[in-house]
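Peer 1: Handing you this structure, nothing more for now.
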Amino acid sequence: TLLSSVAGTGTGNAGNITLRALGNIQASALQAADLVGATVINGGNVTVDAGGDITIGTLGSISTRSTSGGKAGEVLLKSGGSITALGTTGINTSVIGSSVGGSQAGNVTFQAGTTINTDAVIGASINSSTVTGNAGNITLRALGNIQAGALQAADLVGATVINGGNVTVDAG
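First residue of the sequence shown? That's 128 in the numbering used here, and the numbers climb one at a time after it.
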């Protein structure tokens, strides 16, 4: 588990998480977000680049800012082999390959040399109904098959999303 978080009740920005390997990468959780009650203005970017397979449980960049201005980072998984992102329920939503922002969600991109298997991919604005936001784009590309549960590039909990994100699925 790798976390980049703002602790306590403070306000700040989560840092970036970057993992690179020539072989496989396996992690139970990678989150650049608030996990313990702080107000994160900006979630960090999450980048995982493997020559082999990527297996991830919970993955995300989240801004929990409840007023305008929060921005989630970009989430990029790039694998020479397969990507498997079958995880757990996280903050505010199932955060499997998510970028969830107060005002702006980041883009979520999975690129696999073989297959992609994921429960949910979310690029969403999650603000209250008084705040507007923009959803991120979701791109899944694989030379083989893609199996995905929910693909959501929109509002999750009542926000007025000015722009929904694009969803692109490109399988071999």
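Ideal Cβ placement from N, Cα and C applies to all residues, glycine included.
(1) Can you tell me where the beta strand (DSSP E) with Ala177 in it begins and where it stops?
(2) Identify whether Ser209 lies in helix, strand or coil by the three-state DSSP scheme.
(3) Using a Cβ-Cβ cut-off of 8 Å (strictly less than) and excluding sequence neighbours within five positions of Leu213, which residues of its own chain qualify?
(4) Taking Cβ to Cβ, would you say Gly207 is nearer than 7 Å to Gly170?
(5) Which of the three DSSP states is assigned to Asp180 in this structure?
(6) Applying the 10 Å Cβ sphere with the 16-neighbour rule, what's the burial state of Thr295?
(7) Take the Cβ of Leu204 as the centre, count every other Cβ of all protein chains shown within 10 Å, and call the residue buried at 16 or more, exposed below.
(8) Between Ala262 and Gly179, what straight-line distance do the alpha-carbon atoms span, to the nearest angstrom?
(9) Output the distance between the C-alpha atoms of Gln238 and Gly139, rounded to the nearest integer angstrom.
(10) Would you list the one or two residues that DSSP bridges to Asn244?
(11) Can you give me the start and stop residues for the beta strand (DSSP E) that Leu157 sits inside?
(12) Which same chain residues, not among the five before or five after Asn143, have their C-beta less than 6 Å away from its C-beta?
(13) Just how far apart, CA to CA, sit Leu149 and Ser209?
(14) Leu278 and Val299 - do their beta-carbons sit closer together than 7 Å?
(15) Strictly by DSSP, which residues pair up with Leu146?
(16) Can you determine whether any heavy atom of the ligand MG sits closer than 6 Å to the C-beta of Asn293, and answer yes or no?
(17) Whose C-beta lies closer than 6 Å to the C-beta of Leu267 among residues of the same chain, with five residues either side of it excluded?
Peer 2: Walking through what the data contain:
(1) 173 to 177
(2) coil
(3) Gly184, Ile223, Asn244, Thr245, Asp246
(4) no
(5) Looking at Asp180 - three-state DSSP - the assignment turns out to be coil, as it is neither helix nor strand.
(6) Exposed, because fewer than 16 other Cβ atoms sit within 10 Å of the Cβ of Thr295.
(7) Label assigned to Leu204: buried.
(8) 30 Å
(9) 30 Å
(10) Thr211, Gln274
(11) It spans 152 to 159 - the beta strand (DSSP E) in which Leu157 sits, taken as one unbroken run.
(12) Gly171, Asn172
(13) 14 Å
(14) Looking at the sequence itself, residue 299 is Gly, so the reference to Val does not match. No, the Cβ-Cβ distance between Gly299 and Leu278 is not below 7 Å.
(15) The partner list for Leu146 (beta bridge, DSSP) reads Val175.
(16) Because no ligand of any kind appears in the structure shown, any question about the ligand MG cannot be addressed here.
(17) Cβ within range, chain order: Phe237, Ile243, Ile273, Val296.
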